[in-house]
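Presented below is the structure to which this report refers.
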């Protein structure tokens, strides 16, 4: 096979992995990285490497399941573990994802406000745009738009270079782990993993690969897609941390929001850095606001067995379209109501996500090892050691994360 | 082992199975089905005790209902069971599977499976695909129903009859319907009737409210009399009257005749006067006679009418009338003179009178004629309908062949009595 042919095949397969991994850096992800950089400078950079490895290990298994079975993750969970576990999982995920959707719209609203637009105008407008995109668009079209939007993330890479960090210290912190024994440091490092590996993305990735109709034979290209996606997402995270660490940390600025980071950058790094941060936040938020409700509609419809897919119409897949519409509309309303309990919703959402993650991963791992489902594509032995290790570590951190949120550590 | 009634598989799972002394043999884990006509039937229960699986054949069961399951045998004769790919198991192979329609569209998942007694077997009659099935699996069906009642809504039964499901193969990953999805909601009234006869009366009534009047009327006439009566009684008079009015008078009369007299009167008062009179007239005959079977909607014209005018008139009148294969010729007193088949009418020259082409050697029955005798005459002379004429020659109505077939060979929904 010529190299061009291989590239052509890859280009036709790529999409789901890159999109899923990138959208991982949604509003709450960007916030976490910005806060991490501003608070602890480069000290947390090393956590990105194990996070990337864990992300790749997990996403690869999920992608493999999609290519081999042609089914979504909740399809498989429902068929193999019955109504009860599926139902409770879906209910919790729905609430958690609703919180995430609200967080993404909040990020969109905040970025629009700092760019000088009224959120009362821009939030409904953004919602309308993403609603039209999915309801009226085809899968190919939606995927193209999302891929283009993913390119915008490279803005963070530019801003990282513009900040002129001390590269020697950056490289050192990236490869030499360091731990500071204080509550905030530990919480933030867990939060980085928690915001990078989420339950919904496993469902979304598997569904979108299945909907794209990727087969076992094309799986190799799909694996590359996942690999590239996971790498890009953490490169982007890396530069967000670097930017905030270089500009905000020396001044001892404490920030709590991604939009605050953008504002703080304005006097320090100039208008361009501000614009990049604001526009990228807007872009990431909007992307998240498309994908999270979409992922939710996917897995609910899969679990209950209804027709679904971006390619379908309201007539063909009414439940799918209505769940998507419903989530967006309610999220917009919540954002626009003054004094809505946004913080509570987002904390609730991350607690629920943290609690669910171990279950989702354990289900995924036991499904991928089921010979009846996967045939010869089950995990090789050594791979199982890695994946169980990863999942064990993530589970421990997730439990810890939930505990620290529920019982704040001296903070 | 005789089994009466109907039950959902999820109600059985994890239920203890007792031996004749009341000791527990194990808990129900799964149910093995084998091919049967017309539906698959239960061949054994798979029970679990102390992490071991046993096979309990259907014939060794003594009592089988959702409260008690007991066997005639003791634990020492139970045989071990190992999962086999060739067995068809309800929980393993049918539960939670995707149902796709004939066009490959995903319709819904199997939430539960319904069994029903038939002869001495338990047969798989339908799969539950609704919220009710999910709630039952979660053990909150009752709670869900109570909650819906708060909103004055009824939790619907969404069952798909096994008729529409393609034969299952081992190791299946999805279950296919034989019909496109749209058709599940646009089932033929006779099929709807079959489904309705499988749910309880109260639910049947609420099911009916969801149908348009025309479909409801057709479906109602396909049901067995006691179900019809129960459903109509469960509805408010206005909507009942709407449905009755839509039915052909003979079938309306059949339904009303099974109702309590007061209710029937009440409904008749809500029906348009002409229609009500027709029905009342039919109600005066014994059910199993020609009078009870007949309908008083038929087409009758005067003998002096020209064929071309008759065809013109016929085009207008036939819309309202159920049986149009014969055109009857009556005189001014409505006494019958002759009959013309639709075929003869259409083949006749346009400018002759009906009296020129009508057949005067009529086969007729009196209103008191027994239904079997009517059937014999219709069969002997290969008729599609036969006029019912009183002793003075007045034409009262006609008995059509479909009514006779229904009497001799009742459809499944009418024949099968609900066993609870």
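Chains as they are written, first to last, in the working numbering: chain A, 33 to 443; chain B, 2 to 421.
Every residue gets a Cβ at the ideal spot worked out from N, C-alpha and C, and that includes glycine.
Proximity below 9 angstroms, CB of residue i to CB of residue j
i: residue 1 of chain B; j: residue 272 of chain B; result: Chain B is shown only over 2 to 421; residue 1 of chain B falls outside these bounds and no answer can be derived.
i: residue 126 of chain B; j: residue 11 of chain B; result: no
i: residue 304 of chain B; j: residue 342 of chain B; result: no
i: residue 283 of chain B; j: residue 251 of chain B; result: yes
i: residue 220 of chain A; j: residue 68 of chain A; result: yes
i: residue 187 of chain A; j: residue 72 of chain A; result: no
i: residue 328 of chain A; j: residue 161 of chain A; result: no
i: residue 40 of chain B; j: residue 95 of chain B; result: no
i: residue 296 of chain B; j: residue 398 of chain B; result: yes
i: residue 48 of chain A; j: residue 250 of chain A; result: no
i: residue 48 of chain B; j: residue 90 of chain B; result: no
i: residue 262 of chain A; j: residue 88 of chain A; result: yes
i: residue 254 of chain B; j: residue 280 of chain B; result: yes
i: residue 349 of chain B; j: residue 337 of chain B; result: no
i: residue 271 of chain A; j: residue 379 of chain A; result: no
Cut-off 7 angstroms between Cβ atoms - residues of its own chain near residue i, not counting five sequence neighbours on either side
i: residue 364 of chain B; result: 378, 382, 384 and 387
i: residue 97 of chain B; result: 110 and 111
i: residue 66 of chain B; result: 6 and 8
i: residue 159 of chain A; result: 360 and 364
i: residue 242 of chain B; result: 268, 271 and 272
i: residue 370 of chain B; result: 290 and 291
i: residue 181 of chain A; result: 315 and 319
i: residue 368 of chain B; result: 286, 290, 291, 292, 389, 391 and 397
i: residue 103 of chain A; result: 242
i: residue 335 of chain A; result: 106, 110, 118 and 122
Neighbour-count burial assignment, residue i, 16 or more Cβ in a 10 Å radius
i: residue 233 of chain A; result: buried
i: residue 46 of chain A; result: buried
i: residue 148 of chain A; result: exposed
i: residue 392 of chain B; result: exposed
i: residue 81 of chain B; result: exposed
i: residue 298 of chain B; result: buried
i: residue 292 of chain B; result: buried
i: residue 231 of chain A; result: buried
i: residue 37 of chain A; result: exposed
i: residue 333 of chain B; result: exposed
i: residue 50 of chain A; result: buried
i: residue 288 of chain A; result: exposed
i: residue 344 of chain A; result: buried
i: residue 429 of chain A; result: buried
Close-in-space but distant-in-sequence residues of the same chain around residue i (CB under 8 angstroms, 5 per side omitted)
i: residue 147 of chain B; result: none
i: residue 207 of chain A; result: 78 and 81
i: residue 112 of chain A; result: 399, 402 and 405
i: residue 64 of chain A; result: 220, 223, 224 and 227
i: residue 42 of chain A; result: 253, 256 and 257
i: residue 20 of chain B; result: 26, 71, 72, 74, 75 and 76
i: residue 342 of chain A; result: 166, 169, 170, 171, 174, 243 and 326
i: residue 366 of chain B; result: 291, 374, 375, 378, 387, 388, 389, 390 and 400
i: residue 367 of chain A; result: 134, 137, 138, 141, 151, 155 and 374
i: residue 442 of chain A; result: Low per-residue confidence applies at residue 442 of chain A: pLDDT is 49, beneath 50, and the placement is therefore not dependable, though the value from the model is reported in the following sentence. Cβ neighbours of residue 442 of chain A beyond the five flanking positions: 215.
i: residue 210 of chain A; result: 75 and 78
Contact set for residue i: own chain, Cβ-Cβ below 6 angstroms, skip 5 residues either direction
i: residue 98 of chain A; result: 238, 241 and 242
i: residue 393 of chain A; result: 423
i: residue 154 of chain A; result: 144
Residue i at chain C interface by Cβ criterion, 9 angstroms
i: residue 130 of chain B; result: Looking for chain C here will not work: the only protein chains present are A and B.
Interfacial residues, the stretch 66-99 of chain B to chain A, with Cβ spacing under 9 angstroms: Residues passing the 9 angstroms Cβ filter: 92, 96, 97, 98 and 99.
Contacting positions in the stretch 155-168 of chain A - beta carbon closer than 9 angstroms to chain B: Per Cβ criterion, the list is empty.
Positions along the stretch 387-413 of chain A whose CB lies within less than 7 angstroms of some CB in chain B: Taking 7 angstroms as the Cβ-Cβ cut-off against chain B, none of the residues of the stretch 387-413 of chain A qualify.
Near-chain B residues of the stretch 111-139 of chain A - C-beta to any C-beta below 7 angstroms: For the stretch 111-139 of chain A, residues whose beta-carbon sits nearer than 7 angstroms to a beta-carbon of chain B comprise 111, 114, 115, 116 and 119.
Near-chain A residues of the stretch 132-156 of chain B (beta-carbon distance less than 7 angstroms), N- to C-terminal order: Sequence-ordered contacts of the stretch 132-156 of chain B with chain A read 135, 138 and 139 [C-beta pairs closer than 7 angstroms].
Secondary structure, alpha helix (DSSP H): runs of 4+ residues fully inside the stretch 160-209 of chain A: Qualifying alpha helix (DSSP H) stretches, in chain order: 171-183, 186-194 and 199-207.
Ranges of the alpha helix (DSSP H) found wholly within the stretch 354-429 of chain A, counting only runs of at least 4: Correct list: 374-400 and 403-406.
Ranges of the alpha helix (DSSP H) found wholly within the stretch 249-305 of chain B, counting only runs of at least 4: Listed in chain order, they are 250-258, 262-270, 274-284 and 291-294.
3-residue-minimum beta strand (DSSP E) runs that sit fully inside the stretch 113-141 of chain B, ordered along the chain: Within the stretch 113-141 of chain B, the complete beta strand (DSSP E) runs of at least 3 residues fall at 113-119 and 122-129.
Every unbroken beta strand (DSSP E) inside the stretch 266-293 of chain A [3 residues or more]: As far as the stretch 266-293 of chain A is concerned, it has no whole beta strand (DSSP E) run of at least 3 residues.
In chain order, each beta strand (DSSP E) run of at least 3 residues that lies wholly inside the stretch 19-60 of chain B: DSSP assignment within the stretch 19-60 of chain B yields the following whole beta strand (DSSP E) runs of 3 residues or more, N-terminal first: 25-35, 42-50 and 53-58.
Chain B contacts made by the stretch 212-229 of chain A, where a contact means CB separation under 7 angstroms: The residues in question: there are none.
The stretch 308-338 of chain A: positions lying closer than 7 angstroms to chain B by Cβ: Considering only beta carbons, the part of the stretch 308-338 of chain A lying closer than 7 angstroms to chain B consists of 336, 337 and 338, in chain order.
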